[in-house]
Structures are given as structure tokens and as C-alpha cells.
């Protein structure tokens with residue numbers, strides 16, 4: 203199951219920059235090629251470049267590991 207971020211633009215920007223540590227206050231673009239894997243506890247488990255095939259394989263591997271341990 204996927205969850206996508208939505209809400210007021212400023213709240214999303216703050217979460218991206220201060221929470222996920224992607225983007226910057228100076229960059230008005232709220233889209234990124236990076237995917238952030240977050241578990242059910244809100245802990246960031248990894249960053250993956252959505253345009254990189256090796257990174258996507260790593261994401262699948264890491265996600266499978268989390269699902270196995272029921273941490274997600």
C-alpha cells in the first residue's frame with residue numbers, strides 16, 4: 203500500500219526539508235526523484251533515487267526485509 207503526501211504547500215516543504223532532508227528552503231520545487239522509505243514508526247529507513255535502476259532494486263530489497271520483520 204502506498205501513501206502519498208498531500209496538504210498545504212508550506213507544510214509539505216517543511217516536512218521535505220526538515221523531516222526527510224531532501225530539497226532546500228531555496229528550492230521552490232516540491233518534487234524530487236528521491237523516494238524515502240519510512241516505517242510505521244516514522245523512522246526513515248532509506249533514500250532511493252527513483253531514476254536509478256540499482257537504487258530501485260535496493261528499495262525492493264529493503265522493503266521486502268521490512269515486510270518480513272513486520273516493521274513497516
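In this note's numbering, the protein residues as written are 203 to 274. Glycine included, each C-beta is placed from N, C-alpha and C at the ideal position.
field: Contacting residues, own chain, Cβ-Cβ under 8 Å from residue 224 (five flanking each side not counted)
entry: Along the chain shown, one-based indexing puts residue 224 at 22. For residue 224, same chain residues with a beta-carbon under 8 Å away, outside a window of 5 residues either side, are 218, 234, 236, 238 and 249 in chain order.
- prompt: Thinking C-alpha only, which one of 208, 221 and 260 is nearest residue 244?
  reply: Translated into the one-based positions of the chain shown, residue 244 becomes position 42. Comparing Cα-Cα distances from residue 244 to each of 208, 221 and 260, the minimum goes to 221.
field: Whole-angstrom distance between residue 264 and residue 253, CA atom to CA atom
entry: For this step, residue 253 is matched to residue 51 along the chain shown. For this step, residue 264 is matched to residue 62 along the chain shown. Distance between residue 253 and residue 264, taken at the CA atoms: about 17 Å.
task: Can you grab the Cα-Cα spacing for the pair residue 207 / residue 214, in whole Å?
output: Residue mapping note: residue 207 aligns to position 5 of the chain shown, counting from 1. Residue mapping note: residue 214 aligns to position 12 of the chain shown, counting from 1. When rounded, the distance between both Cα atoms is 7 Å.
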